[in-house]
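Residue numbers (our numbering): 11 to 519.
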């Protein structure tokens with residue numbers, strides 16, 4: 011999220027207005043502790059992704075390993091069961107592949123965890139790094155526990171969207187002060203906890219080299235558009251991410267890769283740069299050893315769905331290999347007070363996505379508005395969660411936010427409505443799997459039961475919402491995914507059984 015969402019707002023102005031001095035606090039150095047990964051993601055692996063044509067469903071693969079394996083095969087599982095052998099290693103049973111044509115994401119974002127955003131915990135940011143530290147460039151302690159994952163699971167969450175910065179995946183260059191604090195270890199631990207519950211993850215490339223939007227969420231500056239060097243580094247990052255996914259024993263939990271978050275092109279030439287990056291990324295993903303669905307953001311271009319229609323139409327596959335994402339934030343930017351109008355905005359947005367040839371997933375939404383009423387908050391929450399599932403589902407922004415009223419970014423505003431754990435703790439009437447009469451939402455049937463139990467305001471779910479392409483039965487099969495799953499069925503994925511129950515990323519000595 012870009013300082014509160016995808017639209018312009020006064021909350022952005024302090025970050026954009028002031029200069030951003032490079033403040034590298036000494037305590038950061040203690041975080042390294044040998045944790046800087048040589049290539050950031052694949053250790054001693056080298057990229058050899060094929061450079062084949064950009065065609066939907068391409069089955070060409072680069073020749074690289076597909077995770078720790080033995081010769082015995084393991085079938086796919088819907089529940090993430092695993093078995094421990096005598097030497098303490100765990101045999102990982104893959105989850106079934108997420109199908110964006112039929113499965114519904116009831117998701118949650120883990121913002122301000124592996125990529126820092128000052129506005130989401132401004133007091134800590136100021137206390138730790140100083141008032142002049144505006145983003146992770148200036149200052150690179152978040153805790154996520156298995157209990158947090160379980161809390162989300164009990165509230166019906168079946169998928170996590172996890173933002174990451176490029177510095178977690180590829181080497182930094184001279185002048186970039188980021189510290190790789192072994193984020194990928196933590197990412198994989200979160201994937202392990204999800205796997206144990208049958209949950210999935212969406213890996214979000216939230217910050218690209220040079221920054222794709224100039225927001226604190228992306229790191230720093232705006233030198234991505236028009237910068238061939240940084241775009242090439244982004245291409246290399248996508249290659250590295252796909253290699254890392256293929257080699258993770260928990261790769262079956264990855265439901266997609268969001269190759270860029272909230273890009274902001276300002277010219278038609280920059281629009282084309284973004285389209286070209288998407289095309290290259292799609293080819294890389296299809297040519298990888300473990301392809302996943304590619305998520306694309308509209309980039310705030312005028313008439314986004316119309317603009318991107320040719321791009322997605324050329325890449326319609328069954329199951330979907332491309333997903334369109336949006337961050338509508340009804341009732342926000344600026345915060346609004348008319349509750350009836352706010353609810354109506356949900357319906358307007360959902361209806362415009364109908365008929366689009368690929369799934370639309372709302373990868374960021376919240377109930378932050380000018381209305382601070384618990385009854386409305388629950389109603390607004392249920393309405394959005396239910397209605398966004400007319401298409402591919404959604405991810406709430408975010409699980410945890412710590413408001414601070416004295417900082418220049420928060421400027422006295424109460425942002426606690428962005429924090430799901432705060433809402434769930436303060437108001438017990440938010441939906442859970444128990445209130446829906448199910449134990450989880452990790453099967454399509456249970457997810458449907460959970461979503462049906464919610465109260466919406468947009469009427470009956472349209473019958474033509476899925477499959478997404480009207481002729482889905484005749485479109486190109488996603489051969490790349492089918493080939494990878496077939497090949498993967500003959501290997502056994504193993505992970506160590508020594509991971510703790512606390513996932514800690516701390517920059518304190």
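Using N, Cα and C, we set each Cβ at its ideal position, and we do this for glycine too.
Asked	Found
Supposed contact pair residue 273 and residue 223 - C-beta distance, whole angstroms, cut 8 Å	6 Å
C-beta contact flag for residue 337 and residue 374 at 7 Å	yes
DSSP state of residue 454 mapped onto helix, strand, coil	helix
Beta-carbon gap between residue 321 and residue 283 smaller than 7 Å	no
Three-state secondary structure (DSSP) of residue 404	strand
CB contact flag (residue 256, residue 299, <7 Å)	yes
Residue 460 versus residue 452 - alpha carbon distance	10 Å
DSSP three-state assignment for residue 325, whether helix, strand or coil	coil
Same chain, Cβ closer than 7 Å to residue 488, five either side skipped, listed in chain order	67, 327, 328, 329, 331
Pairwise C-alpha distance: residue 465 and residue 210	25 Å
Unbroken stretches of the alpha helix (DSSP H), 4 residues or longer, contained in the region 304–373	314–323, 349–363
Minimum Cβ-Cβ distance from residue 100 to chain C less than 7 Å	No chain C is present in this structure, which holds just one protein chain.
Span of the alpha helix (DSSP H), counted from its first residue to its last, around residue 498	489–498
Contact the region 429–443 vs the region 370–390: 3+ CB pairs below 8 Å	yes
8 Å CB neighbourhood of residue 357 in its chain, flanking five on each side removed	397, 467, 468, 469
Which listed residue (249, 479, 463, 161) has its alpha carbon closest to that of residue 447	463
Assigned secondary structure, residue 377 (DSSP; H/G/I helix, E/B strand, else coil)	coil
Outcome for residue 239 when other beta-carbon atoms lying within 10 angstroms are tallied against a minimum of 16	exposed
Among 377, 382, 383, 402, the one whose alpha carbon lies nearest that of residue 392	377
The ligand MG heavy atom lying under 6 Å from the CB of residue 157	Ligands are entirely absent from the displayed structure, and the ligand MG is therefore not among its contents.
Residue 468 - DSSP class collapsed to helix/strand/coil	coil
Option nearest residue 395 by Cα separation, candidates 118, 106, 220, 99	118
Cβ separation of residue 403 and residue 115, assumed to be a contact under 8 Å, to the nearest whole Å	3 Å
Nearest to residue 120 (by Cα), restricted to the options 185, 429, 457	429
Where residue 239 sits in the DSSP three-state scheme	helix
Whole-angstrom C-beta distance between residue 499 and residue 296, which should lie under 8 Å	About 20 Å separates the two Cβ atoms, so there is no contact after all.
Minimum C-alpha distance to residue 157 - residue among 207, 198, 108	207
Range covered by the alpha helix (DSSP H) that runs through residue 211	From DSSP, residue 211 is part of no alpha helix (DSSP H) but of the beta strand (DSSP E) over 210–217.
Under 7 Å between C-beta atoms of residue 379 and residue 346	yes
Residue 384: first and last residue of the uninterrupted alpha helix (DSSP H) it sits in	384–398
Residue 486 versus residue 454: straight-line alpha-carbon distance, rounded	24 Å
Spatial distance of residue 101 from residue 383 (CA atoms)	48 Å
Cα-Cα separation, residue 275 to residue 339	20 Å
8 Å CB neighbourhood of residue 107 in its chain, flanking five on each side removed	86, 262, 329, 491, 495
Cβ-based neighbour list, residue 281, same chain, cut-off 6 Å, excluding 5 preceding and 5 following	275, 311
Pairwise C-alpha distance: residue 348 and residue 246	46 Å
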